[in-house]
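J.:
In the numbering used here, the protein residues as written are 4 to 106.
#1: Taking the CB atoms as reference points, tell me whether residue 53 and residue 19 lie closer together than 8 Å.
#2: Taking DSSP as the reference, what is the three-state secondary structure of residue 104?
#3: Ignore the nearest five residues each way along the sequence and tell me which others in residue 87's own chain have a CB closer than 7 Å to its CB.
#4: Looking at C-alpha atoms only, which residue of 101, 12, 41, 30 is the closest neighbour of residue 77?
#5: Give the single residue among 102, 100, 84 whose Cα lies nearest to the Cα of residue 12.
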């Protein structure tokens, strides 16, 4: 099944209660503004989502359709997300979600 989405990537910013208390709404607003300023609106779409299921690790940001999830994301990370991840193809390893596995 082929999906024709109008954007190269969709950036999902969790705004559920825990993430919101930690500043996710500011992250979303800055991300949206920078994408507009850089004339990238046709390639990248930021959206608010209710929950990414990682409460306590937030604010959380997911990139769709690739599936990259960043935790502990804040306003100061927005420029790196755009320049390094979206435009440069680099993963922001220090923010990358790492699933905890029992030892």
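Beta carbons: idealized from backbone N, C-alpha and C, even for Gly.
T.: A quick look at the data gives this:
#1: yes
#2: Low confidence applies here, because residue 104 scores a pLDDT of 46, under 50, leaving its location unreliable and the question unanswered by this model.
#3: 93, 95
#4: 30
#5: 84
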